[in-house]
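Notes for the one structure printed next.
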Amino acid sequence: MTAQFNRITLIGIGLIGSSLAHDIKRLGLANEVVVATRSAETLKRAEELELGDRYTTSSAEAVKDADLVIVSVPVGASESVAKEIASSLKPGAIVTDVGSTKASVIAQMQPHMPDHVHFIAGHPIAGTEKSGPDAGFPGLFQGRWCILTPLEGTDPTALKTLRSFWEALGSRVDEMDAQHHDKVLAIVSHLPHLIAYNIVGTADDLETVTESEVIKYSASGFRDFTRLAASDPTMWRDVCLHNRDAILEMLARFSEDLAYLQRAIRWGEGDKIFELFTRTRAIRRSIVQAGQDVDAPDFGRPHPLEKK
Ligand code: NAP
Numbered sequence: 587m588t589a590q591f592n593r594i595t596l597i598g599i600g601l602i603g604s605s606l607a608h609d610i611k612r613l614g615l616a617n618e619v620v621v622a623t624r625s626a627e628t629l630k631r632a633e634e635l636e637l638g639d640r641y642t643t644s645s646a647e648a649v650k651d652a653d654l655v656i657v658s659v660p661v662g663a664s665e666s667v668a669k670e671i672a673s674s675l676k677p678g679a680i681v682t683d684v685g686s687t688k689a690s691v692i693a694q695m696q697p698h699m700p701d702h703v704h705f706i707a708g709h710p711i712a713g714t715e716k717s718g719p720d721a722g723f724p725g726l727f728q729g730r731w732c733i734l735t736p737l738e739g740t741d742p743t744a745l746k747t748l749r750s751f752w753e754a755l756g757s758r759v760d761e762m763d764a765q766h767h768d769k770v771l772a773i774v775s776h777l778p779h780l781i782a783y784n785i786v787g788t789a790d791d792l793e794t795v796t797e798s799e800v801i802k803y804s805a806s807g808f809r810d811f812t813r814l815a816a817s818d819p820t821m822w823r824d825v826c827l828h829n830r831d832a833i834l835e836m837l838a839r840f841s842e843d844l845a846y847l848q849r850a851i852r853w854g855e856g857d858k859i860f861e862l863f864t865r866t867r868a869i870r871r872s873i874v875q876a877g878q879d880v881d882a883p884d885f886g887r888p889h890p891l892e893k894k
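Take a look at the structure:
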């Protein structure tokens, strides 16, 4: 493939930044990749992993002459990055991000962007519970959705270019309003993480069940929550604080529905319980049919005596 961009700058080189670096290199999407990160340790690790061609802890320095700048830092750090890079951006550059919340990132970054650059916020719906430059891998975005949230007046050519970048990584691209994105993600991602953090916290606080029992018997359901609850605390603190309204709205709905289930259990209303559990099973089937998960039992975990 001929390079789509002469220079791509990656600001932040954790799970998402390093996965982008692997794919940009693998697919030859840029002639040069510049890596910038806050700390000298992470920068050194990125260099050891050969994630880019040039490395710096100065974001301002990194964006000079870049055609595409991708900001992959916790959403709460978006404004400070925008302020730092604003005056060094080249005219015509596309600036995007990968943050898990969109209205807040736009509010933090857009006011600092000079008129001569194209700022288009985005969010790849792909990830794992791991973080840091060692966590990234090629193909993370393959077959996953990427949501772009252009603004009124966003240049259509720049939007098309950014779209084709994500498509080159194997992603399918959707466009939507930032507020709508934040609502959708509150239910499909933010609430599940909060439930997982909460249930693992509750188990940890229980006095009648020992910690060793929680761990020993975790295969009965608990361990599936622990994957989400092992996600990066900084990233998820920022998501909670920066998508506050949508998360609070979904939490209120969730609590109401939980109360309904609680009541059905108290009053022995088996039909209500059965109806809900049947409905939810169908959702799982739809996710598999949509290619967003594989149909392997127990999430494909190997079982010792299973036939290959
Ligand atoms: P990560 O692995 O923890 O890496 C974070 C990167 O941001 C590191 O390079 C880190 O630099 C830098 N950073 C941290 N705090 C910073 C600050 N205050 N100012 C400037 N730089 C800072 O994170 P990630 O999982 O790649 O997530 C990056 C973004 O992608 C987040 O906005 C997240 O919401 C979004 N996202 C994550 C996932 C996921 O599954 N993880 C999926 C989709 C989108 P140092 O190490 O040098 O300090």
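In terms of my numbering, the sequence shown opens at residue 587 and continues consecutively.
All residues carry an ideal CB built from backbone N, CA and C; glycine is no exception.
Treat the numbers as computed from the prediction; the structure is a model and nothing was measured.
Tell me, which residues are paired with residue i by DSSP?
i, result
"W731", "R758"
"I680", "L654 and H704"
"P710", "C732"
On the DSSP letters alone, give me the boundaries of the beta strand (DSSP E) that residue i sits inside.
i, result
"N784", "First-last for N784: L777 to D791, but that is the alpha helix (DSSP H), not the beta strand (DSSP E)."
"G856", "Here G856 belongs to no beta strand (DSSP E); instead the alpha helix (DSSP H) covers G856 to Q875."
"V620", "A616 to A622"
"V661", "Taken as a continuous stretch (DSSP letters only), V661 belongs to no beta strand (DSSP E), as it is neither H nor E."
"T642", "R640 to T642"
"L596", "F591 to I597"
For residue i, which of the options has the nearest alpha-carbon?
i, options, result
"H767", "V691, G678, P719 and N592", "V691"
"E618", "L629, V655, I859 and R631", "V655"
"G678", "R631, A689, S757 and P700", "P700"
"I706", "M762, A754 and A622", "M762"
"P719", "L755, E633 and T642", "E633"
"L745", "G638, T595, V880 and H704", "H704"
"P736", "A816, G708, T794 and Q590", "G708"
"C732", "A693, K688 and A626", "K688"
"A626", "D639, S644 and Q878", "S644"
"R870", "K858, P883 and F860", "P883"
"G739", "F723, Q696 and L792", "Q696"
"A832", "D881, Q765 and W853", "Q765"
"T820", "G685, A754, N592 and I785", "G685"
"F727", "K858, G603, E855 and V874", "G603"
"V659", "V621, T794 and V774", "V621"
"A712", "R730, A721, T623 and V649", "R730"
"A782", "D810, S804, K802 and R593", "D810"
"M836", "T682, G614 and P778", "P778"
"A616", "S666, P710, G638 and S806", "G638"
"A772", "K630, E797 and R830", "R830"
"R624", "A816, L596, L613 and D651", "L596"
"L675", "A663, H698 and S757", "H698"
"L834", "V770, R612, L635 and G662", "V770"
"I680", "A693, A663, V667 and H702", "H702"
"G722", "S757, L827, A754 and L606", "L606"
"A838", "L780, N592 and S717", "L780"
Starting from residue i, follow the alpha helix (DSSP H) in both directions and report where the run begins and ends.
i, result
"G603", "L601 to L613"
"L814", "F808 to A815"
"E835", "R830 to R852"
"R887", "Where R887 is concerned, there is no enclosing alpha helix (DSSP H), given that its DSSP letter is neither H nor E."
"I692", "A689 to M695"
"I801", "E797 to K802"
"L629", "A626 to E634"
"H766", "A764 to L771"
"A648", "S645 to V649"
Run the proximity test for residue i: is its beta-carbon closer than 8 Å to any non-hydrogen atom belonging to the ligand NAP?
i, result
"I599", "yes"
"T735", "no"
"M699", "no"
"S798", "no"
"L629", "yes"
"K677", "The identity of residue 677 in the sequence shown is Pro, whereas the question assumes Lys. No, the ligand NAP has no heavy atom inside 8 Å of this Cβ."
"M569", "Only positions 587 to 894 of the chain appear in this structure, which leaves residue 569 out of reach."
"D683", "yes"
"A693", "no"
"G856", "no"
"I602", "yes"
"V825", "yes"
"R624", "yes"
"D818", "yes"
Can you find a heavy atom of the ligand FAD that lies under 8 Å from the Cβ of residue i?
i, result
"E715", "Questions concerning the ligand FAD fall outside what the structure shown contains, since the ligands it does hold are the ligand NAP."
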